[in-house]
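Student: Numbered per full-length UniProt numbering, the sequence shown finishes at 156, counting up by one with no gaps.
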Amino acid sequence: MGWELAQVNVARLRSPLDAPEMAGFVAAIDPVLRMAEQSDGFLWRYADGHGRNVTVRAEGDNTMVVNLSVWSSYEALHGFTYRSAHGAFIRQRNNWFVPMQEPSTALWWVTTGIRPTLDEALRRLVVLRRYGPSPRAFGVRRRYQPDGTPTRSSRR
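1) Taking the beta carbon of R124 as the centre, do at least 16 other beta carbons fall within 10 Å, making it buried, or is it exposed?
2) Check whether the Cβ of P20 lies closer than 8 Å to any Cβ atom in chain C.
3) Within its chain, find whatever has a CB closer than 7 Å to the CB of R12; leave out the 5 residues flanking it on each side and keep chain order.
4) Since R108 sits in a beta bridge, which residues does DSSP pair it with?
5) Taking the alpha-carbon positions, what's the A23 to D147 distance?
6) Whose C-alpha, out of L107, Q92, A47, is nearest the C-alpha of E75?
7) Under the rule that 16 or more other beta-carbon atoms within 10 Å means buried, what is Y82, buried or exposed?
8) Taking 8 Å as the threshold (C-beta atoms), are V70 and V110 in contact?
9) In the structure shown, what three-state DSSP assignment does D77 receive?
10) Can you grab the Cα-Cα spacing for the pair D30 / E120, in whole Å?
11) For V10, which of A36, R129, T149, R115 has the nearest alpha-carbon?
12) Cutting at 7 Å between CB atoms, please list the residues of its own chain near A85, excluding the five before and the five after it.
13) Which two residues bound the contiguous beta strand (DSSP E) that contains V66?
14) Since L5 and S73 are thought to touch, with beta carbons under 8 Å apart, how far apart are those beta carbons, to the nearest angstrom?
15) Can you list, in chain order, the residues of its chain with a C-beta nearer than 7 Å to that of V26? Leave out the 5 residues immediately preceding and following it.
16) Could you please give me the residues that DSSP links to W96 through a beta bridge?
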């Protein structure tokens, strides 16, 4: 049995997507999604089912965007997120999103081929926020291996 890394991240928009101050974010959505899909280790991403190629909004909250994807490894996810051109967009996130006081990203291991639902992903984020990092849901700084053992700390 093999393992893949699922990740969910949420962000609260500073303004509606059609506001002029969000134009840079909106213009980057399609190129960033294509970049992710072409990255080594990318396996899958959730699409909202409405034909939009934009991160989905959490049910009942029009200010919250959600990204859910599966990667072959933490290294692949990290490489795309911070070491590709995507990193430039990360550095601009405060222009588009309200800083969050609680964790906004949760990671967990899934059996190869499993694709989590949006509800499951948001529940994992709640687990991380409520109980802290564990093999069930963890963040980028305190990670776990698929067998549940903590990953040794490394500077990334």
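Beta carbons are placed, not taken as given, at the ideal position from N, Cα and C, and that holds for glycine.
Tutor: So, to answer that:
1) buried
2) The displayed structure is made up of one protein chain only, and chain C is not part of it.
3) T63, M64, F97, V98, M100
4) Note on residue identity: the sequence assigns Trp, not Arg, to residue 108. A6.
5) 43 Å
6) L107
7) exposed
8) yes
9) Note that residue 77 corresponds to Leu in the displayed sequence, not to Asp. In the structure shown, L77 sits in a helix (DSSP, three-state: H, G or I).
10) 25 Å
11) R129
12) M35
13) 64–71
14) 6 Å
15) L17
16) DSSP output for W96 lists no bridge partner at all.
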